[in-house]
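Asker: Have a look at this one before I ask anything.
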Amino acid sequence: MDRQNRQRSHSIFSGSFTRYCTESDRNRFIRIWPRGPDEENPAGSARDGFLAPEFRLWLVPDPTRRPLSHLGNPTMQSAGRSSAWQWWVSGLLLLATMINYMDRQTLANLAPRITQQLDLSNTQYGMVEATFGYAFAFGSLFFGVLADRYSVRLLYPAILIAWSAVGFATGLSRGYLSLLVCRTLLGFFEAGHWPCALIVTQAVMSRGNRVMGNSILQSGASLGAILTPVVVLGLVRTNPDPDAWRLPFFVIGLIGVLWAVAWLLVIKPGDLKRETPPLTAGESPSLPTAWLGKILLDRRFWALAMMVIAINTSWQLIRAWLPKFLQEGRGYTESQALLFNSAYYIFTDVGCIAAGVATVWLVRRGFQVHRSRVLVFLGCSLLAALCTLAAVLPQGWLLLGILLCVAMGTLGVFPCYYSFTQEVTISHMGRLTGLLSFIGWLASSPTQTLFGYVVDRTGSYDPNMAILGWAPLIGLIAFVLLWPHHPETEPKSDAVTAPTLSPATATAAS
9 MDRQNRQRSH
19 SIFSGSFTRY
29 CTESDRNRFI
39 RIWPRGPDEE
49 NPAGSARDGF
59 LAPEFRLWLV
69 PDPTRRPLSH
79 LGNPTMQSAG
89 RSSAWQWWVS
99 GLLLLATMIN
109 YMDRQTLANL
119 APRITQQLDL
129 SNTQYGMVEA
139 TFGYAFAFGS
149 LFFGVLADRY
159 SVRLLYPAIL
169 IAWSAVGFAT
179 GLSRGYLSLL
189 VCRTLLGFFE
199 AGHWPCALIV
209 TQAVMSRGNR
219 VMGNSILQSG
229 ASLGAILTPV
239 VVLGLVRTNP
249 DPDAWRLPFF
259 VIGLIGVLWA
269 VAWLLVIKPG
279 DLKRETPPLT
289 AGESPSLPTA
299 WLGKILLDRR
309 FWALAMMVIA
319 INTSWQLIRA
329 WLPKFLQEGR
339 GYTESQALLF
349 NSAYYIFTDV
359 GCIAAGVATV
369 WLVRRGFQVH
379 RSRVLVFLGC
389 SLLAALCTLA
399 AVLPQGWLLL
409 GILLCVAMGT
419 LGVFPCYYSF
429 TQEVTISHMG
439 RLTGLLSFIG
449 WLASSPTQTL
459 FGYVVDRTGS
469 YDPNMAILGW
479 APLIGLIAFV
489 LLWPHHPETE
499 PKSDAVTAPT
509 LSPATATAAS
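When we follow this note's numbering, the leftmost residue of the sequence shown carries the number 9, and every step to the right adds one.
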């Protein structure tokens, strides 16, 4: 490095970014590339905790010196945690998502029995699923704010125990109204899982590992959906009691208590503590609602909103209606449908993990991080679109094979989406994910009632199945059109960005 560049590097690091790097760390960088018109005021790009797309500092370590892997995640470094700790935490998040989906999927797997015993129409069943979605939307907003304001270490297990209790109570339902109330409360409390989980992932994972971390997190949905049909089948198949469907709700509802104990043993006070990024010279504290105005003016937010509406619609419709489609639409028995349901969600898990692996593979071969995520999302969207073929195929192996491809695609898009959201903000991650989830569920929930209405009117599931698989591809097109892109400055690997050098100190749970 020539003398001029050395002086320039020292000048930049002597300013606001000293809060990210120590004196010894500065000597390990060989080049700094400023981005955008704010070159002389880099601290401004992290104002209010948002990662402004107009400015990035790409910091490239000198390969002849000690690796700076700890800079990707200083929280664990400062807390004295081993590098394996983040994967233990990811495992806990996977289990939390698993429990979340077991409580959610119990109704879908027992839907033919429940609708028959409680004398519900398909439209009423669709309304039960729709109110779950509406409650989930408002719960996402509510718990997103709470997750940014209070300790996730305590908030997270409290939320999980709450939704487990409601899941248990669902087994006590005696009619349409009581089922509707229980399902509504379940949606509200289950919504708190995602803001909490994504805050934890952002805090403990480096930028390059987040897609994989999010894949592990999201794959818990598949694991829960795989286990639920097996548990249900084991509890009700040989039980002639008409009320046998209630027992799975009781058994699955009790599992959440065990997770809460494990969480408090693994996550100690201070592990997820966050600090608000310090104000720079000339800045004043933002109003509590200032983040909302800022994010609503950000094109990336609207790109993500279009994406989450699309992927949530396709995923939730198949989740709620697949058992009824197989039994009532294609003539499979209850045992056959439940066993295939497990296989279906095994393949969603494969797709979810494969999305993370594929993204890492592309990045290591020189693709830009953002472009890698878009390509993986595109591949998953094309798999989801195969659902159109399922609408015209009769009972048989080809139908089941197509549905397994759809399974990989409909869940594989989610890790990419979560990673896109983590590029937008540091200190308002809970609010952002809560707001996006609110929009996604509010917009997609009416389709549940519409799905049931179409089935009641036509007597067929095929029209709905023919079109729902195209939603992710439509969402991707909207995302690409809205998301700002700066190919001349985007790094081709997991370069460290200054505002995210310290996800723990910059993102921290209050």
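No residue lacks a Cβ here, since even glycine has one placed at the ideal position from N, Cα and C.
Any heavy atom of the ligand SAH closer than 8 Å to the Cβ of R245?
Answerer: Looking for the ligand SAH in the displayed structure turns up nothing, as the structure carries no ligands at all.
Asker: Of the choices R381, Y142, G417, C413, whose alpha-carbon is the least far from that of Y425?
Answerer: It is R381 whose Cα lies nearest to the Cα of Y425.
Asker: By the DSSP assignment, the alpha helix (DSSP H) with A393 in it spans what residues?
Answerer: Unbroken run through A393: none, as it is neither H nor E.
Asker: For M135, which residues of its own chain have a beta-carbon under 6 Å away from its beta-carbon, when the five flanking residues on both sides are left out?
Answerer: Closer than 6 Å at the Cβ level, and outside the excluded window around M135, lie T457.
Asker: For I317, count neighbouring C-beta atoms within 10 Å of its own C-beta (all shown protein chains included) and say buried if the count is 16 or more, exposed if not.
Answerer: Buried.
Asker: Would you report the Cα separation of T386 and L481, rounded to the nearest angstrom?
Answerer: At residue 386 the sequence reads Leu, which differs from the Thr that was named. Computed Cα separation, rounded: 7 Å.
Asker: V208 and V160: beta carbons closer than 9 Å?
Answerer: Going by C-beta atoms, V208 is nearer than 9 Å to V160.
Asker: Using only alpha-carbon positions, find the residue among S343, F333, A415, W449 that is nearest to G460.
Answerer: Among S343, F333, A415, W449, the Cα nearest to that of G460 belongs to F333.
Asker: L243 and P256 look like a contact to me (Cβ under 8 Å); what is the Cβ gap, rounded to whole Å?
Answerer: Correct: roughly 5 Å between the Cβ atoms.
Asker: Does the distance from the CB of D464 to the CB of T131 come in under 9 Å?
Answerer: Yes, they are a contact pair.
Asker: Give the straight-line distance between the Cα atoms of T305 and W171, rounded to the nearest whole angstrom.
Answerer: According to the sequence provided, residue 305 is Leu. The question's Thr does not apply to it. C-alpha separation (whole angstroms): 34 Å.
Asker: Quick one: which unbroken alpha helix (DSSP H) runs of 4-plus residues sit fully inside the segment 307-335? Chain order, please.
Answerer: The segment 307-335 contains these whole alpha helix (DSSP H) runs: 307-332.
Asker: Pick out whichever of F428, Q430, T341 has its Cα sitting closest to the Cα of R121.
Answerer: Of the listed residues, the one whose Cα sits closest to R121 is T341.
Asker: If you measure between the beta carbons of A155 and L163, is that distance less than 9 Å?
Answerer: Yes, the pair counts as a contact, with Cβ atoms nearer than the cut-off.
Asker: Would you kindly report the start and end of the unbroken alpha helix (DSSP H) that includes S186?
Answerer: It spans 184-198 - the alpha helix (DSSP H) in which S186 sits, taken as one unbroken run.
Asker: Within a Cβ cutoff of 6 Å, which residues of the same chain sit near A145, ignoring the five residues on either side of it in sequence?
Answerer: Taken in chain order, the residues that qualify are F446, W449, L450.
Asker: What runs of the alpha helix (DSSP H), each 4 residues or longer, lie entirely inside the segment 392-462?
Answerer: You should have 395-398, 405-429, 437-452.
Asker: Under three-state DSSP, which class holds W96?
Answerer: Three-state DSSP puts W96 in a helix.
Asker: Going along the chain, which residues of its own chain have a beta-carbon closer than 6 Å to the beta-carbon of A311, five neighbours each way excluded?
Answerer: Within the same chain, A311 has close Cβ partners F487, L490, W491.
Asker: If you follow the alpha helix (DSSP H) that P250 is in, where does it begin and where does it stop?
Answerer: Unbroken run through P250: none, as it is neither H nor E.
Asker: Taking the CB atoms as reference points, tell me whether S230 and T356 lie closer together than 9 Å.
Answerer: Yes. Within cutoff.
Asker: Are at least three pairs of beta-carbons, each pair with one atom in the segment 176-193 and one in the segment 245-265, less than 8 Å apart?
Answerer: Yes, the segment 176-193 touches the segment 245-265.
Asker: Pairing CB atoms from the segment 399-415 with CB atoms from the segment 101-117, are three or more of them under 8 Å?
Answerer: With the cut-off at 8 Å, the segment 399-415 and the segment 101-117 do not touch.
Asker: Please give me, in chain order, every unbroken run of the alpha helix (DSSP H) with length at least 4 that falls completely inside the segment 125-190.
Answerer: You should have 130-157, 160-178.
Asker: Can you give me the C-alpha to C-alpha distance between I275 and L128, rounded to a whole angstrom?
Answerer: The straight-line gap from Cα to Cα measures roughly 44 Å.
Asker: Run through DSSP, which three-state label would M213 get?
Answerer: Reduced to three states, the DSSP call for M213 is coil.
Asker: Looking only at its chain, what residues have a beta carbon closer than 6 Å to the beta carbon of A143, apart from the 5 residues adjacent to it on each side?
Answerer: Hits under 6 Å: T192, G195, F196.
Asker: Leaving out five residues on either side along the sequence, give the residues of the same chain with a beta carbon under 8 Å from the beta carbon of T105.
Answerer: Same-chain partners within the cutoff: H201, A205, L225, Q226, S227, G228, A229, L231, G232.
Asker: Using C-beta distances below 7 Å, list every residue in its chain close to V358, excluding the 5 sequence neighbours before and after it, in chain order.
Answerer: Result list for V358: M416, in chain order.
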